[in-house]
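Written out below as structure tokens is the structure these notes cover.
Protein chains in written order, with the working numbering: chain X, 1 to 342; chain H, 1001 to 1332.
Right, here's the structure in full:
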């Protein structure tokens, strides 16, 4: 159920009905499913399979899925926040904080569940403050989340400078290992977790009242408010969700690397946003869903693996990454012409 | 009569978008002097201004794109590229003197800015996506040119923390973009830019060449970002690719702090300068109070959120006007 038919959509629909060309039909299909992205994913994967040895072995596919799962999980909340017309740049900081705090508390002898509960509670509070402040005081989320990112990174640094020892339970390291199995099936547990989360998020966004409130708020906050949606609560909840996801990813990353790392979140600063955008969820809000982000996370992971496999330098990887996002978005995400918006 | 005049002057000032950040700057200046009296000594001013310059210029560089209704995330990396090109390309090839390096670097910055502008307004990419991509490309280029920090040879930027006669060099470099902005205020460009940022469709209908205005705005931003790169070279004396990302975030924060809301049509470069000064003075104060350095980002983030909230309230007139006015503001 898409209540996302805000004005730009109607206008672009009008524009496409004027030029009823083949391209117009492609765009109409693109609006309901991420076709261009799926084609790009297949092409990238096929290119990798053709040029890199061992790209299609089950081990490397599983390794790829683990990385995509971590990125995809980090981008669950980001997707919802972008659907609201916001932006969360504090994800990197919260991931770092969760990673460090979890390892430090574990090193002090805390059991897994209380440790996880404390880490997630702190993350959720930070996220809720993000959303509440943005909605209550009408401040741009960019500023608030940048500031919150600084706070989270700072607290993580303080932890690391005070206690250098940290650890993680052994089973948690197995959780995100490409070689481990889930209940006997040879799929890493983190990938199964991602699949479950993706299905739940997708269904909640598309089929529940909660999901509809997100689209309503994103497409027109004032109209949503008049329709008795508590938009402030929606914003608070969405940013809290985003921080909670970042917290989970931080804990998983602590398991992945086996110790506290105060720089672990940095790589997710813009890639979590890139996964959402490449997937095709509109940055202006209300258009898109989590399925697209799943495809986006897969595209980004395949691309990164591909560049790494071809032995490009870190700098060349970043350049190619930037150009590739531009190319993928060129297929579907460009704005409507000014003269068509008059 | 006098109090009336002062009142008039104050209310005129309050209407300026930068009033809040100006006030914060003054308060923080006083706090800094109290915390460390050597801060007020005249001899330390040139160095203070020189260390403020990269951040202040970076936030001024972010302003034109934001006023035009867009966003430029690539300011920090562009600054980094300018810094690294200066250190690893121009200096070793003997092109490092001011007469050659300044025009080359500024042209590079303006060209990258114009490409950003063309991506946004001619090819119609959403600004966040277009400049996110150029952020990655520029970061990559910086990384390729200087994988590790690269020591700079002695060059003219080293003297940026000195003064010529009584005037600190850094002040000269800081005044350049402000002067440019004031001169542009005399032309139709600046007014057109505010129009475009406020409502691009209306501007288009009124016959404004919207793409050209936006390309020019991004190019202006790129030029100032390159200048920031040169100022950075003067401070760090090396080419370092790891600095770019942080500058983008802090510059954006100081733009909003300085009264230029993301969304367009409002604000200005003077505000961005005071926004940057606020952030710089907060950092300086934390240093002067001998807080453990690891806490710096925490304090810094907390102050940023508080300042953003207070700034927003200030713009909506929550502190001075009567409740009736406030209700009216909220209703609009």
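The C-beta atom is built at its ideal place from N, Cα and C for all residues, glycine as well.
None of the values given here were measured: they were computed from a predicted structure.
#### Entry: Partners in chain X for residue 1256 (chain H), counting only beta-carbon separations shorter than 9 Å
Numbered from its first residue, the second chain carries residue 1256 (chain H) at position 256. Within chain X, 139, 140, 142, 143 have C-beta atoms less than 9 Å from the C-beta of residue 1256 (chain H), given in sequence order.
### Message
Distance cutoff 7 Å, beta carbons only. Does residue 264 (chain X) sit that close to anything in chain H?
### Response
Counting from one through the first chain, the residue named residue 264 (chain X) turns up at place 264. No - not a single Cβ of chain H is within 7 Å of the one on residue 264 (chain X).
### Euclidean distance between Cα positions of residue 1105 (chain H) and residue 1262 (chain H)
Taking the first residue of the second chain as 1, we reach residue 1105 (chain H) at position 105. Taking the first residue of the second chain as 1, we reach residue 1262 (chain H) at position 262. Taking the Cα positions, residue 1105 (chain H) is about 28 Å away from residue 1262 (chain H).
### Task
Determine, using beta carbons only, whether residue 14 (chain X) comes closer than 7 Å to chain H.
The count along the first chain starts at 1 and reaches residue 14 (chain X) at position 14. Note that residue 14 (chain X) has pLDDT 47, beneath the 50 cutoff, so the model's placement of it is unreliable and the number below is only indicative. Put simply, the CB of residue 14 (chain X) is far from chain H, with every gap to its CB atoms at 7 Å or more.
### Query
Where residue 99 (chain X) and residue 325 (chain X) are concerned, what is the direct C-alpha to C-alpha distance, given to the nearest angstrom?
Residue numbering aside, residue 99 (chain X) sits at position 99 when the first chain is read from its first letter. Residue numbering aside, residue 325 (chain X) sits at position 325 when the first chain is read from its first letter. Whole-angstrom Cα-Cα distance: 28 Å.
#### Entry: Burial state of residue 1093 (chain H), where buried means 16 or more other Cβ atoms lie within 10 Å
As a first step, residue 1093 (chain H) is located in the second chain; it is residue number 93 there, counting from the start. Answer is exposed; the Cβ neighbour count stays below 16.
### Message
7 Å is my cut-off, CB to CB: does residue 338 (chain X) come that close to chain H?
### Response
For the purposes of this step, residue 338 (chain X) is identified with residue 338 of the first chain, where counting begins at 1. Yes, contact with chain H.
### Proximal residues to residue 269 (chain X) (C-beta, below 6 Å), its chain only, five neighbours per side dropped
As a working mapping, residue 269 (chain X) is identified with position 269 in the first chain. Within the same chain, residue 269 (chain X) has close Cβ partners 92.
### Task
Give a yes or no on whether 7 Å exceeds the smallest Cβ distance from residue 1019 (chain H) to chain X.
Here residue 1019 (chain H) is taken as the residue at index 19 of the second chain, counted from 1. No, residue 1019 (chain H) lies away from the interface with chain X (no Cβ there is under 7 Å from its Cβ).
### Query
Between the beta-carbon of residue 1124 (chain H) and the beta-carbon of residue 334 (chain X), is there less than 7 Å?
What you label residue 1124 (chain H) is simply residue 124 of the second chain in a count that begins at 1. What you label residue 334 (chain X) is simply residue 334 of the first chain in a count that begins at 1. Their beta carbons are under 7 Å apart, which means residue 1124 (chain H) touches residue 334 (chain X) by this criterion.
### Task
Can you have a look at residue 1103 (chain H) and say buried or exposed, based on whether 16 or more other CB atoms are within 10 angstroms of its CB?
Sequence index remark: in the second chain, residue 1103 (chain H) carries index 103 (1-based). Residue 1103 (chain H) sits exposed, since fewer than 16 C-beta atoms from the chains shown fall within 10 Å of its C-beta.
### Query
Got a sec? Which residues, its chain only, sit under 6 Å from residue 211 (chain X) by beta carbon, not counting five neighbours each side?
Sequence index remark: in the first chain, residue 211 (chain X) carries index 211 (1-based). Here residue 211 (chain X) has 204, 205 as same chain residues with Cβ atoms under 6 Å from its own Cβ, once five neighbours each way along the sequence are excluded.
### Message
I want to see whether chain X comes within less than 7 Å of residue 953 (chain H), judged by CB atoms only; does it?
### Response
Outside the modelled stretch of chain H, which goes from 1001 to 1332, sits residue 953 (chain H), for which no answer is possible.
### Query
Which residues in chain H sit within 8 Å of residue 270 (chain X), going by Cβ to Cβ distance?
Along the first chain, one-based indexing puts residue 270 (chain X) at 270. Within chain H, the residues placing a beta-carbon under 8 Å from that of residue 270 (chain X) are 1132, 1135, 1136, ordered along the chain.
### Task
Out of X:24, X:26, X:76, state which residue places its alpha-carbon closest to the alpha-carbon of residue 249 (chain X).
If you number the first chain from 1, residue 249 (chain X) lands on position 249. For residue 249 (chain X), the closest of X:24, X:26, X:76 by C-alpha to C-alpha distance is X:76.
### Message
So that I know if they touch, is there some Cβ in chain H lying closer than 7 Å to that of residue 335 (chain X)?
### Response
Here residue 335 (chain X) refers to the residue found at position 335 when the first chain is read from its first residue. The Cβ of residue 335 (chain X) sits closer than 7 Å to at least one Cβ of chain H.
### Message
Report the start-end ranges of each alpha helix (DSSP H) in the segment 125-166 of chain X that is 4 residues or longer and not cut off at the edges.
### Response
Counting whole runs of 4 or more residues, the segment 125-166 of chain X contains the alpha helix (DSSP H) stretches 141-162.
### Task
Please confirm if the segment 292-311 of chain X is in contact with the segment 58-67 of chain X, defined as three or more CB-CB distances below 8 Å between the two stretches.
Taking 8 Å as the limit for Cβ pairs, the verdict is that the segment 58-67 of chain X does touch the segment 292-311 of chain X.
#### Entry: Where residue 185 (chain X) sits in the DSSP three-state scheme
To locate residue 185 (chain X), count along the first chain from 1; it is residue 185. Strand, per DSSP.
### Query
With distances taken from CA atoms, which of X:294, X:121, X:88, X:140 is nearest residue 195 (chain X)?
Position 195 of the first chain holds residue 195 (chain X). The candidate whose alpha carbon is nearest that of residue 195 (chain X) is X:294.
### Task
Entirely within the segment 182-223 of chain X and at least 4 residues each: give me those alpha helix (DSSP H) ranges in chain order.
The segment 182-223 of chain X contains, as complete alpha helix (DSSP H) runs of 4+ residues, the segments 189-207, 209-219 (chain order).
### Query
Can you list, in chain order, the residues of the segment 1109-1130 of chain H whose Cβ is nearer than 8 Å to any Cβ on chain X?
Answer set for the segment 1109-1130 of chain H: 1119, 1123, 1124, 1125, 1126, 1128, 1129, 1130.
### Task
Go ahead and label residue 1239 (chain H) buried or exposed: buried means 16 or more other beta carbons lie within 10 angstroms of its beta carbon, across all protein chains shown.
Locating residue 1239 (chain H) in the second chain gives position 239, counting from the first residue. With 16 or more other Cβ atoms inside 10 Å of its own Cβ, residue 1239 (chain H) counts as buried.
### Query
Does the Cβ of residue 1007 (chain H) have 16 or more other Cβ atoms within 10 Å, making it buried, or fewer, making it exposed?
As a position in the second chain, residue 1007 (chain H) is number 7, starting the count at 1. Under this definition residue 1007 (chain H) is an exposed residue.
### Bridge-paired residues (DSSP) for residue 1151 (chain H)
For the purposes of this step, residue 1151 (chain H) is taken as residue 151 along the second chain, with counting starting at 1. According to DSSP, residue 1151 (chain H) bridges with H:1238.
### Query
Using the rule of at least 16 other Cβ atoms within 10 Å of the residue's Cβ for burial, across every protein chain shown, is residue 1185 (chain H) buried or exposed?
Here residue 1185 (chain H) is taken as the residue at index 185 of the second chain, counted from 1. Classification of residue 1185 (chain H): exposed, given that the 10 Å Cβ count is below 16.
### Task
Pick out whichever of X:83, X:54, X:285, X:174 has its Cα sitting closest to the Cα of residue 201 (chain X).
Here residue 201 (chain X) is taken as the residue at index 201 of the first chain, counted from 1. Closest in C-alpha terms to residue 201 (chain X), from the list X:83, X:54, X:285, X:174, comes X:83.
### For residue 283 (chain X), the three-state DSSP class (helix, strand or coil)
Residue 283 (chain X) sits at position 283 when you count from the first residue of the first chain. In the structure shown, residue 283 (chain X) sits in coil (DSSP, three-state: anything other than H, G, I, E or B).
### Query
Taking Cβ-Cβ distances shorter than 7 Å, what residues in chain H pair up with residue 329 (chain X)?
Counting from 1 along the first chain, the entry for residue 329 (chain X) is found at position 329. Under the 7 Å cutoff, chain H gives 1125, 1129.
### Task
State the DSSP-derived secondary structure class of residue 169 (chain X), mapped to helix, strand or coil.
Position 169 of the first chain, counting from 1, holds the residue named residue 169 (chain X). Residue state, collapsed to three classes: coil.
### Query
Which term fits residue 235 (chain X), buried or exposed, when burial requires 16 or more other beta carbons within 10 angstroms of its beta carbon?
What you label residue 235 (chain X) is simply residue 235 of the first chain in a count that begins at 1. Under the 10 Å beta carbon count, residue 235 (chain X) is surrounded by 16 or more other beta carbons and is classified as buried.
### Distance, residue 69 (chain X) Cα to residue 331 (chain X) Cα
Along the first chain, one-based indexing puts residue 331 (chain X) at 331. Along the first chain, one-based indexing puts residue 69 (chain X) at 69. If you draw a straight line from the Cα of residue 331 (chain X) to the Cα of residue 69 (chain X), it comes to about 25 Å.
### Query
Mapping DSSP to helix, strand and coil, what is residue 259 (chain X)?
In the first chain, counting from the first residue as 1, residue 259 (chain X) sits at position 259. Residue 259 (chain X) falls in the coil class under three-state DSSP.
### Query
When DSSP labels each residue in this structure, what does residue 313 (chain X) get in the three-state scheme?
Taking the first chain and counting its residues from 1, one reaches residue 313 (chain X) at position 313. Judged by DSSP in its simplified three-state form, residue 313 (chain X) adopts coil rather than helix or strand.
### Beta-carbon proximity check, residue 1241 (chain H) vs residue 1146 (chain H), cutoff 7 Å
Residue 1241 (chain H) sits at position 241 when you count from the first residue of the second chain. Residue 1146 (chain H) sits at position 146 when you count from the first residue of the second chain. If you check the CB distance, residue 1241 (chain H) and residue 1146 (chain H) come in under 7 Å.
### Message
In whole angstroms, give me the CA-to-CA distance for residue 179 (chain X) and residue 1275 (chain H).
### Response
Here residue 179 (chain X) refers to the residue found at position 179 when the first chain is read from its first residue. Here residue 1275 (chain H) refers to the residue found at position 275 when the second chain is read from its first residue. Residue 179 (chain X) and residue 1275 (chain H) have their C-alpha atoms roughly 51 Å apart.
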